[in-house]
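One line per chain: the protein sequences are R and G, in this order.
As numbered in my numbering, residues 3 to 249 make up the first sequence, in order.
As numbered in my numbering, residues 92 to 353 make up the second sequence, in order.
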Amino acid sequence: MQTNIKVEVKNLTKSFGDLLVLDDISFNVTSGEFLCIVGPTGCGKTTFLNSLTKLYSITKGSILVNNEPVNLKKHNIAYIFQENSTFPWLTVEQNVSFGLDIKKVPKDKKKENIKEVLDIVGLYAFRKYYPVQLSASMVQRVSIARAFATKPELLLMDEPYGQLDIELRYKLEDELIRLWKKTNTTVLFITHNIEEAVYLGDRILVLSNKPTKVKESIDNHIPRPRSIVSPEFVKLRNRVTELIKWW
Amino acid sequence: MMNNRYLRVFLKIFSAIISIGAFLLIWHIATNGTKLGELMPGPIELISSLIKSTYTNIGKYTIIGHILFSLSRVLIAFTVGGVIGILLGTAMGWYKTAEAIFRPFYEMIRPIPPIAWISLAILWFGLGEIMKYFVIFLAAFSIITYNAFAGAQAVDPVLIGAAKMLGAKDSRIFRSIVFPSAVPYIFAGLHTAISASWATVVAAEMVRASEGAGWLIIQGMEMNNMIQILIGIIAIGIVGLLLSIIMRGVEAKLCAWSKSGK
């Protein structure tokens, strides 16, 4: 059973000066799992991801990937940011190619990878465009394609659809599920949108207000494709809403 | 819609012709009908002299020859200043050590106008070409370095994070992220620097030269030849404008991805 654990977070604590943000958080993520992390706005969700990727140093505790301390050079981890993170001076194709170039993927294989991911996100026809020529949702799809192109073993997503309208969000969520199923990547998806978490996750980790602790971990066995109006969906959504309520 | 656009373009050109035409007419009347004619040549005389200067020598060369002399001085010194400025500026903006070592020295020379160095440059390098290159270099270098520095500092941290997550090492981040994101800033610097270099070459040539646009002006003053002075001034204006247009063209090509390149 132990070998199936992809990420192990043990007693993770993070403070900025006197301000305690993450307070003794522990949980595991199994390989190939789609884990959604929800919590009230400002509860430290992004801090958690930034600690995981070593963009921030952690105050106490440990984060293990494949049973060893997280190491960006060794572990193939991709991160999709809340903000637009495409490189504006590169075309769509060059953006997707960036990670593959660093990993020195052979030319033929690279071409194949790029075509595959751009086809899935529906941007192959736009491969010669610059991000400035695309809409917000297309730009976010470039980031998603870029992340998946490197075939990451772990994908971290920080409210990637926060700035998109509801219709596009549904479309991209379905796209994400397709990519996830195809690649069998382990996904950690952070959101403050409860419906999104219930729609996407195999499991939902509910965080508390600051200083952040894990309030509850809820398994989500609703069969896919999920309907947001089905009684079981509504029931689970209401349960998570109750847990998250701070008013 | 279409008609409206054509009408707008037509009105723009028409008003430009009217405005320039009116200026030339007033100038012509003023220099022909009043005492101003003793201080200033009329537009017709000036334009015909300007055309004549393209095939008759003023001093040793035609106006084209003089411009090419000035231009070659500017382009050599501007290129050297540009390359060093871009490298130093981006390095100072990204690497803390480079900033700690070079910035205090740079900040010391930055506020000094390049023309202030002319006397010292003459003592160091004599009256020849090196002196001119040196002061033009300083003009270009200090502006471009500052802009490249500001550009490298303004790089979006999200892009740095994204590159790190994709496995980029520090040197790769500098080359592939910091440098390209500083390019629009660098171009803004190049625009200003080319004008400053062009102004500086004129000043340097006024001090000592036997050819060039600056020499034309100073020689005209010594000979009390107003037409020659004005030809020099017009030549400087036209070349300055052309340099700026070329620079904009290069920017549009290299910065097609950014709003400033449009």
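All C-beta atoms, glycine included, are put in the ideal place defined by N, C-alpha and C.
Taking the alpha carbon of residue i as the reference point, which residue from the options has its own alpha carbon closest?
{"i": "residue 160 of chain G", "options": "G:203, G:111, G:302", "result": "G:302"}
{"i": "residue 49 of chain R", "options": "R:130, R:16, R:204", "result": "R:16"}
{"i": "residue 147 of chain R", "options": "R:23, R:131, R:186, R:95", "result": "R:95"}
{"i": "residue 131 of chain R", "options": "R:88, R:101, R:158", "result": "R:88"}
{"i": "residue 335 of chain G", "options": "G:234, G:289, G:168", "result": "G:289"}
{"i": "residue 129 of chain R", "options": "R:138, R:66, R:207, R:92", "result": "R:92"}
{"i": "residue 177 of chain R", "options": "R:119, R:216, R:20, R:158", "result": "R:119"}
{"i": "residue 204 of chain G", "options": "G:225, G:189, G:218", "result": "G:225"}
{"i": "residue 170 of chain G", "options": "G:306, G:107, G:281, G:322", "result": "G:281"}
{"i": "residue 271 of chain G", "options": "G:294, G:293, G:241", "result": "G:241"}
{"i": "residue 253 of chain G", "options": "R:21, R:84, R:37", "result": "R:84"}
{"i": "residue 313 of chain G", "options": "G:298, G:326, G:327, G:325", "result": "G:298"}
{"i": "residue 181 of chain R", "options": "R:152, R:200, R:195", "result": "R:152"}
{"i": "residue 35 of chain R", "options": "R:149, R:11, R:157", "result": "R:157"}
{"i": "residue 285 of chain G", "options": "G:100, G:228, G:206", "result": "G:228"}
{"i": "residue 184 of chain G", "options": "G:247, G:118, G:215", "result": "G:247"}
{"i": "residue 239 of chain R", "options": "R:40, R:21, R:12", "result": "R:40"}
{"i": "residue 327 of chain G", "options": "G:109, G:136, G:141", "result": "G:141"}
{"i": "residue 159 of chain R", "options": "R:199, R:122, R:21, R:167", "result": "R:199"}
{"i": "residue 172 of chain G", "options": "G:233, G:127, G:264, G:210", "result": "G:233"}
{"i": "residue 217 of chain R", "options": "R:115, R:150, R:209", "result": "R:209"}
{"i": "residue 55 of chain G", "options": "G:182, G:151, G:250, G:304", "result": "This structure cannot settle anything about residue 55 of chain G, because the visible part of chain G is limited to 92 through 353."}
{"i": "residue 43 of chain R", "options": "R:81, R:125, R:164", "result": "R:164"}
{"i": "residue 223 of chain R", "options": "R:215, R:231, R:211, R:206", "result": "R:206"}
{"i": "residue 47 of chain R", "options": "R:213, R:166, R:228, R:173", "result": "R:213"}
{"i": "residue 196 of chain R", "options": "R:55, R:241, R:117, R:113", "result": "R:241"}
{"i": "residue 331 of chain G", "options": "G:209, G:103, G:150, G:166", "result": "G:166"}
Taking only three categories from DSSP, how would you classify residue i?
{"i": "residue 203 of chain G", "result": "coil"}
{"i": "residue 342 of chain G", "result": "helix"}
{"i": "residue 103 of chain G", "result": "helix"}
{"i": "residue 109 of chain R", "result": "helix"}
{"i": "residue 237 of chain R", "result": "helix"}
{"i": "residue 8 of chain R", "result": "strand"}
{"i": "residue 212 of chain R", "result": "coil"}
{"i": "residue 129 of chain R", "result": "coil"}
{"i": "residue 348 of chain G", "result": "coil"}
{"i": "residue 312 of chain G", "result": "helix"}
{"i": "residue 167 of chain R", "result": "coil"}
{"i": "residue 301 of chain G", "result": "coil"}
{"i": "residue 113 of chain G", "result": "helix"}
{"i": "residue 244 of chain R", "result": "helix"}
{"i": "residue 115 of chain R", "result": "helix"}
{"i": "residue 195 of chain R", "result": "coil"}
I'd like the span of the beta strand (DSSP E) that includes residue i, first residue to last.
{"i": "residue 230 of chain R", "result": "Element bounds for residue 230 of chain R: n/a, residue is neither H nor E."}
{"i": "residue 159 of chain R", "result": "156-160"}
{"i": "residue 209 of chain R", "result": "205-209"}
{"i": "residue 220 of chain R", "result": "216-221"}
{"i": "residue 123 of chain R", "result": "Per DSSP, residue 123 of chain R belongs to no beta strand (DSSP E) and is neither H nor E."}
{"i": "residue 187 of chain R", "result": "No beta strand (DSSP E) contains residue 187 of chain R, which DSSP labels as neither H nor E."}
Taking residue i and residue j to be in contact with their CB atoms under 8 Å, please state how far apart those CB atoms are, rounded to whole angstroms.
{"i": "residue 188 of chain R", "j": "residue 31 of chain R", "result": "6 Å"}
{"i": "residue 236 of chain G", "j": "residue 197 of chain G", "result": "6 Å"}
{"i": "residue 322 of chain G", "j": "residue 144 of chain G", "result": "6 Å"}
{"i": "residue 245 of chain R", "j": "residue 37 of chain R", "result": "So it is not a contact: roughly 16 Å between Cβ atoms."}
{"i": "residue 63 of chain R", "j": "residue 14 of chain R", "result": "4 Å"}
{"i": "residue 134 of chain G", "j": "residue 115 of chain G", "result": "5 Å"}
In terms of residues, what are the limits of the alpha helix (DSSP H) holding residue i?
{"i": "residue 236 of chain G", "result": "220-244"}
{"i": "residue 255 of chain G", "result": "248-256"}
{"i": "residue 290 of chain G", "result": "270-298"}
{"i": "residue 145 of chain R", "result": "138-151"}
{"i": "residue 215 of chain G", "result": "209-216"}
{"i": "residue 224 of chain R", "result": "Element bounds for residue 224 of chain R: n/a, residue is neither H nor E."}
{"i": "residue 94 of chain R", "result": "94-104"}
{"i": "residue 127 of chain G", "result": "No alpha helix (DSSP H) holds residue 127 of chain G; DSSP gives it neither H nor E."}
{"i": "residue 262 of chain G", "result": "261-264"}
| Along the chain, which unbroken stretches of the alpha helix (DSSP H) at least 4 residues long are found entirely within the stretch 14-90 of chain R? | 47-54
| message | Restricting to runs no shorter than 4 residues, where is the alpha helix (DSSP H) found entirely within the stretch 132-196 of chain G? | response | 134-144, 154-185
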